[in-house]
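What follows is a single structure, written as structure tokens, with notes after it.
Number of protein chains: 2
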Amino acid sequence: MALALDPTAQDLLFREAHTAHTFTGEPVDEEQIAAVYDLIKLAPTAFNQSPLRITLVQSAEARKRLVAQMAEGNRPRTATAPMTAILSVDLRFHERLPELLPSAPHIKDAHFSEQGPREAAGTFNATLQAGYFLLGVRAAGLAAGPMTGFDADGVDKEFFGDGRQKALLVVNIGRPGPDAYRPRNPRLAAAEAVTTV
Amino acid sequence: MALALDPTAQDLLFREAHTAHTFTGEPVDEEQIAAVYDLIKLAPTAFNQSPLRITLVQSAEARKRLVAQMAEGNRPRTATAPMTAILSVDLRFHERLPELLPSAPHIKDAHFSEQGPREAAGTFNATLQAGYFLLGVRAAGLAAGPMTGFDADGVDKEFFGDGRQKALLVVNIGRPGPDAYRPRNPRLAAAEAVTTV
Chain H
1 MALALDPTAQ DLLFREAHTA HTFTGEPVDE EQIAAVYDLI KLAPTAFNQS
51 PLRITLVQSA EARKRLVAQM AEGNRPRTAT APMTAILSVD LRFHERLPEL
101 LPSAPHIKDA HFSEQGPREA AGTFNATLQA GYFLLGVRAA GLAAGPMTGF
151 DADGVDKEFF GDGRQKALLV VNIGRPGPDA YRPRNPRLAA AEAVTTV
Chain E
1 MALALDPTAQ DLLFREAHTA HTFTGEPVDE EQIAAVYDLI KLAPTAFNQS
51 PLRITLVQSA EARKRLVAQM AEGNRPRTAT APMTAILSVD LRFHERLPEL
101 LPSAPHIKDA HFSEQGPREA AGTFNATLQA GYFLLGVRAA GLAAGPMTGF
151 DADGVDKEFF GDGRQKALLV VNIGRPGPDA YRPRNPRLAA AEAVTTV
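Here the protein sequences come in this chain order: H and E. For the first sequence, position 40 (counting from the first letter as 1) is numbered 40 according to this note's numbering, and the numbering increases by one without interruption. For the second sequence, position 43 (counting from the first letter as 1) is numbered 43 according to this note's numbering, and the numbering increases by one without interruption.
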């Protein structure tokens, strides 16, 4: 069954794209990440919550603080990637909801005044957006190296001291360097992952 | 800053795509969803966990059971969409990990023998995949209508009685019908969502 998306775009986003483990020295600038954001911000979140926040770790001092929170195996590439982004959820995303959902400003309080459900909803929707972001990095012609191996509390303390944000994923971004890719691992077949009732 | 992804593909996946609230009667068949899955299964998950499962609700009986668990406002479209998918996480995804990560079969027990961390990791990675799936539906030239408004425990009981899967998102899928789209809500500007340290 043919997809509507043309094969070149399928390759760029999915078929030829891989998680990169090394990067060239070519810099990634903030404008490129802003272009990625301006694309992926359009994809859906519940009630248009838009809770994803992106922190670009650029200064040597900030990078050092981040590297110290990464799992040991993730430290070398986080220390040397041309760009590293911390993806986080804004746990008080609801404060912006009257602007983001002007047709239903009551949703802010009706759905999100309680901290527990608010943080669960924000985390879920920011994670959907993290998925969009990884494909958005590829849409910019860049390779992404997403990592969950880090001390989440440590990153929150170092970078989000006010407690408002919670780190979800750390992503190295750049152009693939030598031996950047490992062989593709197998995937579950559609018949294993998709069932009909 | 230009993106590498061509403008037609940007429009298909992001700029012209919207959450659909009505659908035409044109059917969506299982092969189309399998094609979507075969595309998006290639996008990354931590340790290649691949924990997303997709349940296509096709029979009248199953659809009736699903509609009963939806929030009232979501019932009419869930009752009439040509295809509805329940996206869920396989909470025992780690059983497949030795096949999915043949280079590191020890990860299954080293990282995922404890239920709490395993379910948290699976839920996070299945949610990333849910983001990929929504864009994959659009890549198939179809419109998606994702919904978080449902009784999650009720859906789990109705469809995943063995407790192995947990519903994350219900998605109506089809071709946009009359008045399918609401006006696009505002989004946060890059300067608001992206910061540099």
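From the three backbone atoms N, C-alpha and C, an ideal C-beta is built for every residue, glycine too.
Span of the beta strand (DSSP E), counted from its first residue to its last, around residue i
i, result
"residue 166 of chain E", "165 to 174"
Residue i in three-state terms, based on DSSP
i, result
"residue 198 of chain E", "Here chain E has residues from 1 to 197 only, and residue 198 of chain E is not among them."
"residue 153 of chain E", "helix"
"residue 161 of chain H", "coil"
"residue 145 of chain E", "strand"
"residue 84 of chain H", "strand"
"residue 53 of chain H", "strand"
"residue 29 of chain H", "coil"
"residue 8 of chain E", "helix"
"residue 194 of chain E", "strand"
"residue 38 of chain E", "helix"
"residue 179 of chain H", "coil"
Residue i, enclosing alpha helix (DSSP H) - first and last residue
i, result
"residue 66 of chain H", "60 to 67"
"residue 221 of chain E", "As shown, chain E starts at 1 and ends at 197. That puts residue 221 of chain E outside it, with no answer to give."
"residue 97 of chain E", "97 to 100"
"residue 112 of chain H", "107 to 112"
Cut-off 7 Å between Cβ atoms - residues of its own chain near residue i, not counting five sequence neighbours on either side
i, result
"residue 161 of chain E", "none"
"residue 10 of chain H", "3"
"residue 132 of chain E", "40 and 43"
Beta-carbon contacts of residue i that lie in its chain and below 6 Å, excluding the five residues immediately before and after
i, result
"residue 189 of chain H", "none"
"residue 13 of chain E", "135 and 138"
"residue 20 of chain E", "143, 145, 176 and 180"
"residue 24 of chain E", "175 and 177"
"residue 26 of chain E", "175"
"residue 151 of chain E", "69"
"residue 51 of chain E", "89, 90, 93, 122, 125 and 126"
"residue 195 of chain H", "none"
"residue 18 of chain H", "181"
"residue 60 of chain H", "none"
"residue 129 of chain E", "52"
Neighbouring residues, chain E, relative to residue i (Cβ below 9 Å)
i, result
"residue 129 of chain H", "131"
"residue 96 of chain H", "188 and 192"
Where residue i meets chain E, residues with beta-carbon distance less than 7 Å
i, result
"residue 140 of chain H", "3 and 4"
Contacts that residue i makes with chain H (C-beta to C-beta distance below 9 Å)
i, result
"residue 206 of chain E", "Residue 206 of chain E is absent from the structure shown; chain E starts at 1 and stops at 197."
"residue 87 of chain E", "Correct list: empty, because the minimum Cβ distance to chain H is about 10 Å."
"residue 159 of chain E", "197"
"residue 134 of chain E", "43, 44, 128, 131 and 132"
Listed by chain order, chain H residues near residue i by CB distance under 7 Å
i, result
"residue 53 of chain E", "193"
"residue 50 of chain E", "187 and 188"
"residue 34 of chain E", "190 and 194"
"residue 150 of chain E", "Ordered by position in chain H, no residue passes the 7 Å Cβ test against residue 150 of chain E, which lies about 11 Å from the chain."
"residue 62 of chain E", "197"
"residue 19 of chain E", "44"
Contact set between residue i and chain H, taken where Cβ atoms lie within less than 8 Å
i, result
"residue 10 of chain E", "39 and 139"
"residue 212 of chain E", "Lying outside 1 to 197, the shown extent of chain E, residue 212 of chain E is not represented and no answer is given."
"residue 56 of chain E", "194, 195, 196 and 197"
"residue 101 of chain E", "185"
"residue 30 of chain E", "194 and 196"
Proximal residues of chain E, C-beta to C-beta of residue i below 8 Å
i, result
"residue 14 of chain H", "39, 40, 42 and 43"
"residue 198 of chain H", "Since the first residue shown for chain H is 1 and the last is 197, residue 198 of chain H is missing from the structure and cannot be characterised."
Chain-order list of residues whose beta-carbon lies under 8 Å from that of residue i (same chain, five-residue window excluded)
i, result
"residue 84 of chain E", "56, 57, 63, 66, 78, 170, 171, 172 and 173"
"residue 107 of chain H", "47, 97 and 101"
"residue 81 of chain H", "23, 145, 172, 173 and 174"
"residue 104 of chain E", "47"
Check whether the stretch 23 to 43 of chain H and the stretch 136 to 147 of chain H are in contact - that is, three or more C-beta pairs closer than 8 Å.
In this structure the stretch 23 to 43 of chain H lies against the stretch 136 to 147 of chain H, because at least three pairs of beta carbons, one per stretch, are closer than 8 Å.
Is the stretch 63 to 77 of chain H close to the stretch 114 to 122 of chain H, with three or more CB pairs under 8 Å?
With a cut-off of 8 Å, the stretch 114 to 122 of chain H and the stretch 63 to 77 of chain H do not count as touching, because too few Cβ pairs lie within range.
For the stretch 155 to 173 of chain E against the stretch 53 to 69 of chain E, do three or more pairs of beta-carbon atoms, one drawn from each stretch, fall closer than 8 Å, so that the two count as touching?
Result yes; three or more Cβ-Cβ pairs closer than 8 Å.
Determine contact between the stretch 145 to 159 of chain E and the stretch 170 to 187 of chain E, defined as no fewer than three beta-carbon pairs at a distance below 8 Å.
The stretch 145 to 159 of chain E is in contact with the stretch 170 to 187 of chain E.
Three or more C-beta pairs under 8 Å: does that hold for the stretch 122 to 135 of chain E against the stretch 92 to 104 of chain H?
The stretch 122 to 135 of chain E makes no contact with the stretch 92 to 104 of chain H, as fewer than three CB pairs between them are under 8 Å.
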